[in-house]
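Asks: Residue 535 in our numbering sits at position 234 of the sequence shown, and the numbers go up by one each step.
For each residue, glycine too, the CB sits at the ideal point set by N, CA and C.
Please read these numbers as outputs of a predicted model, since none were measured by experiment.
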Amino acid sequence: MDKKEIVSMLEEISSLLDLKGEDKFKISAYSRAARSISQSTDDVVSLIREGEAKKIPGVGEALSKKLTEFVETGRLTFLEELRSSLPEGLPQLFNIHGLGPNKVRTLYEQLDVKSIAELEYACKENRLVTLKGFGQKTQDKVLDEIARFKENSEYRLLDVIHETAASIASLLDKLSGVERYEFTGSYRRRREVIHDIDCVIKFKSGERDKLFAALGKLKGVKEVRETQNDLVSLVWENGIPVEFIIVNKAEYPLAVLHSSGSKEFFAHLKEYASTRGYTLGMRELKRGRDKINFDSEEEIFGQIGLQYIPPELREDGDAVVAAAKGNIPELVTEEDIRGIFHVHTNWSDGAEPLDRMVAAASKLGLSYFGLSDHSKSAFYANGLDEKRLKEQGRLVDEMNKGLKDFFVFKGSEVDILADGKLDYSDAVLKTLDFSVGSVHSKLSMKKDEATKRLTAALKNPYMTFLGHMTGRLLLGRSGYELDMDEIIKTAARNRKIIEINANPHRLDIDWRFIKRAKEAGVRFSINPDAHSKEGLADYRYGVSIARKGWLTKEDLLNTMSLEEVKKFLKNAKS
């Protein structure tokens, strides 16, 4: 125990009391004591242990007892009770430079922000722009500070890893010693959250040693951790660990295969290979004593009698069993996506007007999107009341008249209220082409309550999509627990589409449930939940999740042509 720990404890109490809106004199007493102890030249810890804490300026009888408890036990009951009286992640917000108790209290009371992940998502949805005491500049600064804070985080979202890998790729493309490379590991399998980036490199003949030296000097390298044998381990400038595995031409295909699958997958693959008379290792495949050479992963799978298994499916043994039977489907690709739904504009909390979002979507090669601004209960997101919704609909009708190769569907992201009813009446919903039903309030539900709420909404004939099913925010909020079998069964029975929310903060529905829903007869749609032009392209992350869920283009709504979608949506309401 030292003086710094005591000061930190007192400052935390002061901040938490301020956050709760407690008496200013009480708050001041703790901050004054913290300042006094910080500036003291006495042996403060010894004074407290000897029962002389009241000799410290600003410390009275009550605080003296608290200091004694903290020094003698290393904990303070009062502080623990204070922490437990607040949402668990709320104090984390103090780690974001520029956010004091007043701003944190505003974020909590006005936007229900209770963690850094929820704060980042609120910024991405532009909810701080119109919030009193914040604005666009503050929102931008908060995002910058969150990025700095996350440099020390253990896991990152898929989009951050994707962007970092793209930066690394642009540098590897210029290195003379690199003949070929492949990003592997969790990133190649497109996991939702990822710890590090793995990359297997085939070096050019005679340039191995030169390549080792060059990798440690790449622009963007923050620290070189280790260089040995075939490994270069380093830390990128944003704090993400990166491992380069350097191999020769003969080793490359097997090194990529081994590094791409999970440990469980490779163990199943190895076991299957042995049943066919092969010995599969990290760098070689043998039949008896004979080593077999390959030029690609496809050749390796074929040699041991398996259909090629796409990287996204290399999580467990299920894919090996399916590949042995020739049952790996042709998975959906980014090129299969014809249009998207769940798009926000500045009519609610989006950053751009409708015409700019249309132009950006068209530039991506899409032929339609579904406009989905928030409904009236989402007041914090400038949700549309019935009058504004009708006005927006007239704008869409007029715009569609002038569009040649693009179409805008009229819709809304409609709040699913606590009782399972939707935020607009059936008469209003009937005027829309579609609706995305989503939960945004009262997220702390028990399993039965949450299931009942969603199943009630799924029975509404005018709800088309079930949006971000569990309400989770990756690395921040686990979401409400559901009876997934009941939700899937109800969605299938009522011909509802389950959204694969492609926003990298959500990626919800979890891919682990997609195959089960597919087998129940549910159709899906990959929706970016876009709040900006840049966010439209997030559908590519949804494609990755769809592939992990074994989906083909036939399983998705937004791989259909415009005319097919029009017909589908019309029939969905009948």
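Rounding to the nearest angstrom, what Cα-Cα distance links residue 761 and residue 850 in this structure?
Replies: Cα to Cα, residue 761 sits roughly 27 Å from residue 850.
Asks: Apart from the five residues just before and just after residue 502, which ones in its own chain have a Cβ nearer than 6 Å to its Cβ?
Replies: Cβ within range, chain order: 479, 482, 545 and 547.
Asks: According to DSSP, is residue 739 part of a helix, a strand, or is it coil?
Replies: Here residue 739 sits in strand by DSSP.
Asks: In the DSSP assignment, find the unbroken beta strand (DSSP E) run with residue 591 in it and report its ends.
Replies: 591-593 is the span of the beta strand (DSSP E), which, as asked, contains residue 591.
Asks: For my contact list, residue 462 and residue 420 are in at a C-beta cut-off of 8 Å; report their separation, rounded to the angstrom.
Replies: That pair is no contact at about 21 Å.
Asks: Determine the contact status of residue 789 and residue 818, defining contact as a CB-CB distance below 8 Å.
Replies: Yes, these two residues count as a Cβ contact at 8 Å.
Asks: Can you tell me whether residue 856 is buried or exposed? The criterion is at least 16 other CB atoms within 10 Å of its CB, across all chains shown.
Replies: With 16 or more Cβ atoms within 10 Å of its Cβ, residue 856 is classed as buried.
Asks: In chain order, which continuous runs of the alpha helix (DSSP H) of length 4 or greater are located wholly inside the region 677-750?
Replies: DSSP runs (the alpha helix (DSSP H)) wholly in the region 677-750: 687-703 and 727-730.
Asks: Quick check on residue 321: buried or exposed, where buried means 16 or more other Cβ atoms within 10 Å of its Cβ?
Replies: Exposed is the call here.
Asks: Can you tell me the Cα-Cα spacing of residue 573 and residue 749, whole angstroms?
Replies: C-alpha separation (whole angstroms): 42 Å.
Asks: For residue 872, report the span of its alpha helix (DSSP H) as first-last.
Replies: First-last of the alpha helix (DSSP H) with residue 872: 863-873.
Asks: When you compare only the Cα positions, how much space is there between residue 396 and residue 776?
Replies: Residue 396 and residue 776: Cα-Cα distance of roughly 16 Å.
Asks: Specify the secondary structure class of residue 542 as computed by DSSP and reduced to three states.
Replies: Of the three classes helix, strand and coil, the one that applies to residue 542 here is strand, per DSSP.
Asks: Under 8 Å: do the region 622-642 and the region 660-675 share three or more Cβ pairs, one atom per stretch?
Replies: Short answer: they touch.
Asks: Go to residue 576, then tell me how far its alpha helix (DSSP H) extends in each direction, as first and last residue.
Replies: Here the alpha helix (DSSP H) through residue 576 covers 564-576.
Asks: Leaving out the 5 sequence neighbours to the left and right, which residues in its chain are closer than 6 Å to residue 489 when beta-carbon positions are compared?
Replies: Contacts found: 561 and 612.
Asks: Taking residue 802 as part of the beta strand (DSSP E), name the residues at either end of that continuous run.
Replies: 798-802 is the span of the beta strand (DSSP E), which, as asked, contains residue 802.
Asks: Distance, Cα to Cα, residue 807 vs residue 582?
Replies: Approximately 37 Å between the Cα atoms of the pair.
Asks: Need the endpoints of the alpha helix (DSSP H) that residue 397 sits in, please.
Replies: Per DSSP, residue 397 belongs to no alpha helix (DSSP H) and is neither H nor E.
Asks: Is residue 860 helix, strand or coil by DSSP?
Replies: Reduced to three states, the DSSP call for residue 860 is coil.
Asks: Write down the C-beta distance between residue 680 and residue 616 rounded to the nearest angstrom, noting that I regard them as a contact closer than 8 Å.
Replies: Not quite, the Cβ-Cβ distance comes to about 41 Å (not below 8 Å), so this is no contact.
Asks: Does the separation of the CB atoms of residue 729 and residue 690 fall below 8 Å?
Replies: In contact: residue 729 and residue 690 (Cβ atoms closer than 8 Å).
Asks: With a cut-off of 8 Å, do at least 3 Cβ pairs link the region 738-745 to the region 713-723?
Replies: Flag = yes, the region 738-745 and the region 713-723 touch.
Asks: At the level of alpha carbons, what is the spacing between residue 497 and residue 387?
Replies: Taking the straight line joining both Cα atoms gives about 33 Å.
Asks: Tell me whether residue 597 sits in a helix, a strand or coil according to DSSP, three-state version.
Replies: Here residue 597 sits in coil by DSSP.
Asks: Which full runs of the beta strand (DSSP E) of 3+ residues lie inside the region 761-840, going along the chain?
Replies: Counting whole runs of 3 or more residues, the region 761-840 contains the beta strand (DSSP E) stretches 798-802 and 824-828.
Asks: Beta carbon of residue 513, beta carbon of residue 543: below 8 Å?
Replies: Result no, Cβ atoms of residue 513 and residue 543 do not sit closer than 8 Å.
Asks: Helix, strand or coil for residue 411, going by three-state DSSP, please let me know.
Replies: Looking at residue 411 - three-state DSSP - the assignment turns out to be helix.
Asks: Which word fits residue 499, buried or exposed, when buried means at least 16 other C-beta atoms lie within 10 angstroms of its C-beta?
Replies: Counting Cβ neighbours within 10 Å, residue 499 comes out buried, since at least 16 surround it.
Asks: Between the C-alpha atoms of residue 794 and residue 675, what's the straight-line distance to the nearest angstrom?
Replies: Their backbone Cα atoms lie some 27 Å apart in a straight line.
Asks: Just to confirm before moving on: does the CB-CB distance between residue 774 and residue 422 stay below 8 Å?
Replies: Yes. Within cutoff.
Asks: Name the one or two DSSP bridge partners that residue 671 has.
Replies: For residue 671, which the question treats as bridged, DSSP gives the partners 710.
Asks: Under 8 Å: do the region 655-662 and the region 615-635 share three or more Cβ pairs, one atom per stretch?
Replies: Touching, no, given that fewer than three Cβ pairs across the two stretches are closer than 8 Å.
Asks: Can you tell me whether residue 797 is buried or exposed, with buried defined as 16 or more other CB within 10 angstroms of its CB?
Replies: Under this definition residue 797 is a buried residue.
Asks: Please look up how many angstroms separate the CB atoms of residue 767 and residue 799, rounded, as I've assumed it's under 8 Å.
Replies: So it is a contact: roughly 5 Å between Cβ atoms.
Asks: Can you tell me which of the three DSSP states residue 524 falls into?
Replies: Note: residue 524 maps to strand in three-state DSSP.
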